[in-house]
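If you use the working numbering, the sequence shown corresponds to residues -9 to 453, in order. Everything below concerns the one structure shown next.
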Amino acid sequence: MKDQKPLTSFRVLVVDDERMYAQALAREINRRGLVCDTAFTAGQALEKVQNETYHAILLDHRLPDDDGIRLIPRLLARQPQASVIVMTAYDSIPSAIQAIRQGAEDYKVKETSLEPLVNAVLEVVERHRIHATQERWDEHRAGGLLGTSRAIARVREQLEKVANQRDTTVLITGESGAGKEVASRYLHDLSVKGASPFVAVDCAALPATLIESILFGHEKGAFTGADRMQPGAFEEARDGTIFLDEVGDMDLALQARLLRVLERRVFQRVGSVREHPVKARIVAATNRDLSEAVKAGHFRFDLYQRLSVFPVHLPPLRERREDILVLARHFIAFYSAKMNVQIKPLSREMEHYLTSYDYPGNVRELKNIIERAVILADAGVIEPRHLPERMLNQYSASSPDPILHDHIAFVPGVDTLETMEVKMIRNALRQAGGVKSEAARLLGISRFQLMRRMEKYGIADQD
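This is the structure in structure tokens:
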């Protein structure tokens, strides 16, 4: 996997038409050891993000040639790793809500002191520092693909097999939070060499009037406000990967245009007939059942066929429960290092809580639950009271210990310690659906110990 850029290359962009203010803010940021550029119009900002990589963008709400909030999706489409902080001279709750919805991380009112804005940038720096030092753990990229289950192993195998077939379109399906973007980034890292870009476009988050320009770019004069040529995501992905998230939410007109791109491997900017070759790998993802969308007339059958040349399905976490504790321990290690705290190993009771929950939000929900628990843990011990109420409610409705859910009868004069052990092993295997690693966890022994006991007592897998 590629390493993150060192923090000495951390770059900030200040976009503000008040030149003196922008330059003063840039000087303060430069004094903190960061590289800071300035742009005084929306056009200049778009030109900057085309040529440089930025980790933080301080964006003024009102610009002479565009509205700053409307500019956010276009900036993020080109710089998905950037944190956008909107600046304004006037505090407005509706504007703040609109900015956040468009993808901004924060909304700051300009003050006499530049310190609040500088501190906001330093917080972004700290997040990137954590990512840089912990990237080898793959918390954001491969975290969701960790596990020992056959289901997730098959996903990894599929991605590894298709990695070198760069012209093959890959469709990743799965519920929200299952790790579709994680899988696409894993595929990207397997596929490319060097610093080829990974460009993600959220097809559900952008209005239909904007997404065509975001994907394919536009020529000067193509529409009102298009005062310069602007490349799109397909162009910016170059020889890397373009990730079309929630492709099932595209409208039918855009689906037709995407189909032509997939069929001919060329695209046209809005307002132009000139064709440009597609060099990037195309990965699409959706949490919808596209076959049902086709039947309902909401998705083109020919596009569905083109997208699903190589389908990869990410199973929900509830269908690979043996991976829950692997992921939980991984996230505990990550967040304890990030927060500089020591967390003790999970108790058996906590393991039961974690593995008995259904996780409608999948890996993303588990990650958030662990982050919260690490914050709340007293003396480094994560306890049930640190879990969300929804988990406690579901757990209380089931047996606190799956092994004891079914009564194991003891017959005096007949049963011995060995016969009771056989009953417990068979019961655990039944509770775990035949998954030995899960049955071993329920019994509080290792998988190797379970296998030895099964061999000793002649317990077959189908028992």
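The C-beta atom is built at its ideal place from N, Cα and C for all residues, glycine as well.
Contact set for residue i: own chain, Cβ-Cβ below 8 Å, skip 5 residues either direction
{"i": "Gln69", "result": "Val39, Thr43, Tyr44, Ile47"}
{"i": "Ala59", "result": "The amino acid at residue 59 is misidentified as Ala; the sequence shows Ile. Cβ neighbours of Ile59 beyond the five flanking positions: His51, Val76, Ser85, Gln88, Ala89, Gln92, Ala94."}
{"i": "Ala367", "result": "Val331, Ile333, Glu373, His376"}
{"i": "Met441", "result": "Lys426"}
{"i": "Gln245", "result": "Phe289, Arg290, Leu293"}
{"i": "Arg437", "result": "Lys426, Ser427, Ala430"}
{"i": "Val25", "result": "Ser(-1), Phe0, Arg1, Val2"}
Test item: CB-CB of residue i and residue j under 8 Å
{"i": "Val331", "j": "Val364", "result": "yes"}
{"i": "Gly207", "j": "Val256", "result": "no"}
{"i": "Lys269", "j": "Asp229", "result": "yes"}
{"i": "Thr159", "j": "Phe300", "result": "yes"}
{"i": "Leu433", "j": "Ala418", "result": "yes"}
{"i": "Gly238", "j": "Val353", "result": "no"}
{"i": "Glu150", "j": "Leu180", "result": "yes"}
{"i": "Leu356", "j": "Leu307", "result": "yes"}
{"i": "Val302", "j": "Ile162", "result": "yes"}
{"i": "Ala32", "j": "Leu61", "result": "yes"}
{"i": "Thr102", "j": "Val316", "result": "no"}
{"i": "Ser203", "j": "Gly222", "result": "yes"}
{"i": "Pro63", "j": "Leu242", "result": "no"}
{"i": "Arg1", "j": "Val108", "result": "no"}
{"i": "Arg218", "j": "Leu252", "result": "no"}
Residue i beta carbon near the ligand NAD (any heavy atom closer than 7 Å)
{"i": "Lys38", "result": "For the ligand NAD, the structure offers nothing, since it holds no ligand at all."}
Own chain partners of residue i with C-beta closer than 6 Å, once the 5 adjacent residues on each side are dropped
{"i": "Leu344", "result": "Ile314, Ala318"}
{"i": "Met444", "result": "none"}
{"i": "Ser262", "result": "Glu209"}
{"i": "Arg311", "result": "Thr345"}
{"i": "Tyr294", "result": "Leu280, Val284"}
{"i": "Pro305", "result": "Ala141"}
{"i": "Ser73", "result": "Ala46, Glu95, Val114"}
{"i": "Glu165", "result": "Asn277, Pro306, Asn352"}
Under the three-state DSSP convention, the category residue i falls into
{"i": "Glu236", "result": "coil"}
{"i": "Met77", "result": "strand"}
{"i": "Phe438", "result": "helix"}
{"i": "Ala29", "result": "strand"}
{"i": "Asp179", "result": "helix"}
{"i": "Pro301", "result": "strand"}
{"i": "Asp157", "result": "coil"}
{"i": "Asp292", "result": "helix"}
{"i": "Ala94", "result": "coil"}
{"i": "Asp258", "result": "It is worth fixing the name first, because residue 258 is Gln in this sequence and not Asp. If DSSP states are grouped into helix, strand and coil, Gln258 belongs with the strands."}
{"i": "Ile314", "result": "helix"}
{"i": "Thr345", "result": "helix"}
{"i": "Val425", "result": "coil"}
C-alpha distance - residue i paired with residue j, whole-angstrom precision
{"i": "Val371", "j": "Phe289", "result": "49 Å"}
{"i": "Gly448", "j": "Thr409", "result": "12 Å"}
{"i": "Pro106", "j": "Asp157", "result": "47 Å"}
{"i": "His178", "j": "Arg271", "result": "8 Å"}
{"i": "Asp55", "j": "Ile19", "result": "25 Å"}
{"i": "Leu135", "j": "Gln421", "result": "25 Å"}
{"i": "Glu236", "j": "Glu282", "result": "15 Å"}
{"i": "Thr78", "j": "Leu66", "result": "19 Å"}
{"i": "Arg144", "j": "Gly423", "result": "19 Å"}
{"i": "Arg380", "j": "Ser337", "result": "20 Å"}
{"i": "Asp6", "j": "Arg431", "result": "57 Å"}
{"i": "Ala12", "j": "Ala29", "result": "8 Å"}
{"i": "Lys98", "j": "Arg264", "result": "42 Å"}
{"i": "Val4", "j": "Val111", "result": "11 Å"}
{"i": "Gln155", "j": "Thr231", "result": "12 Å"}
{"i": "Ser82", "j": "Met240", "result": "32 Å"}
{"i": "Asn383", "j": "Phe233", "result": "37 Å"}
{"i": "Val152", "j": "Arg146", "result": "10 Å"}
{"i": "Gly351", "j": "Glu339", "result": "22 Å"}
{"i": "Gln258", "j": "His266", "result": "6 Å"}
{"i": "Glu37", "j": "Leu248", "result": "26 Å"}
{"i": "Asp348", "j": "Ala14", "result": "52 Å"}
{"i": "Asp27", "j": "Gly287", "result": "48 Å"}
{"i": "Met329", "j": "Asn358", "result": "14 Å"}
{"i": "Ile415", "j": "Gln439", "result": "11 Å"}
{"i": "Ala212", "j": "Ala194", "result": "23 Å"}
Neighbourhood of residue i by C-beta, 7 Å cutoff - its chain only, sequence neighbours within 5 removed
{"i": "Glu226", "result": "Arg68, Pro187, Val189"}
{"i": "Tyr325", "result": "Ile360, Glu361, Val364"}
{"i": "Asp391", "result": "No answer about Asp391 holds up, because its pLDDT of 48 lies below 50 and its placement is not dependable."}
{"i": "Ser298", "result": "Leu161"}
{"i": "Arg9", "result": "Phe30"}
{"i": "Leu205", "result": "Val191, Gly222, Ala223, Phe224"}
{"i": "Ile435", "result": "none"}
Open item on the list: Closer than 8 Å is the cut-off here; do at least three beta carbon pairs connect the region 162 to 178 with the region 266 to 280?
Closed with: yes
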